[in-house]
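In short: position in the sequence shown from 1, add 618, done, that's our numbering.
Glycine is no exception: its CB is placed at the ideal position from the N, C-alpha and C atoms.
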Amino acid sequence: MGVHLLTWQVTDVDGKTKSVVMPMADAESVADIQTFVTNHAPLLDACIDGYISQVTVAYAMTLPGGLDVTPEDDMLVSTGGLFSFTATGTAYRKAIYVPTIKNSLISNSKDIPNAGAIATWITDLLSGTEVDITNNFENVLSAFLSGTRVNRK
């Protein structure tokens, strides 16, 4: 299936953060990972001058069959789409970067309209059918604002 990713966020004196990512076998349980975090945090803390501001774990999931297994020849992960959304209970936007957006879905070389495959994806994302997609403060995404082609390092 894959690995779980345990991510330790370290904050410096300027408030900037970097992450220490530790892959873990997918057989590890939440309880096992929490025990590791509890025991390992003081050891990592003793090695850094910043501080550990957050620890998260991303679980490996099984992908369905029938998906693309090779990228298009001209697509790099540094080129993608930046999608902006409103969220309930806040005036701030939430942006989601999606690498390698299909060139055929981009109009006038930069705008990504809410049409075709993009509209289907956005409708499902905002439906709340399986899960609610939120911003970093658990405000549920509520409406699509815009999509733009961007290049990121």
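In the DSSP assignment, find the unbroken beta strand (DSSP E) run with residue i in it and report its ends.
i, result
"Gly734", "Looking at the DSSP string, Gly734 is not in any beta strand (DSSP E); the run it does join, the alpha helix (DSSP H), is 734-745."
"Thr629", "621-629"
"Ala709", "Careful: Ala709 lies outside any beta strand (DSSP E) and carries neither H nor E."
"Leu763", "759-769"
Are the Cβ atoms of residue i and residue j separated by less than 8 angstroms?
i, j, result
"Val639", "Val628", "no"
"Arg767", "Ile714", "no"
"Ala678", "Val621", "yes"
"Phe701", "Gly765", "yes"
"Asn732", "Ile740", "yes"
Mind checking if residue i is an interface residue toward chain B, Cβ cutoff 8 angstroms exclusive?
i, result
"Met642", "Here there is only one protein chain, and chain B is not present."
Considering only residues of the same chain and omitting the five flanking positions on each side of residue i, which have a CB-CB separation below 6 angstroms?
i, result
"Met619", "Low confidence applies here, because Met619 scores a pLDDT of 49, under 50, leaving its location unreliable; read the following figure in that light. Asp644, Ala678, Thr680."
In terms of alpha-carbon separation, which member of the options lies closest to residue i?
i, options, result
"Thr641", "Thr625, Phe654, Val655", "Going by the sequence as given, residue 641 is Pro instead of Thr. Checking every option, the nearest Cα to that of Pro641 belongs to Thr625."
"Phe755", "Thr708, Asn769, Asp630, Ala649", "Thr708"
Span of the alpha helix (DSSP H) holding residue i?
i, result
"Ala659", "648-663"
Ignore the nearest five residues each way along the sequence and tell me which others in residue i's own chain have a CB closer than 8 angstroms to its CB.
i, result
"Ser760", "Phe703, Thr704, Ala705, Thr706, Leu744"
Inter-stretch contact (C-beta, 8 angstroms, three-pair minimum) for the stretch 688-702 and the stretch 641-661: Flag = no, the stretch 688-702 and the stretch 641-661 do not touch.
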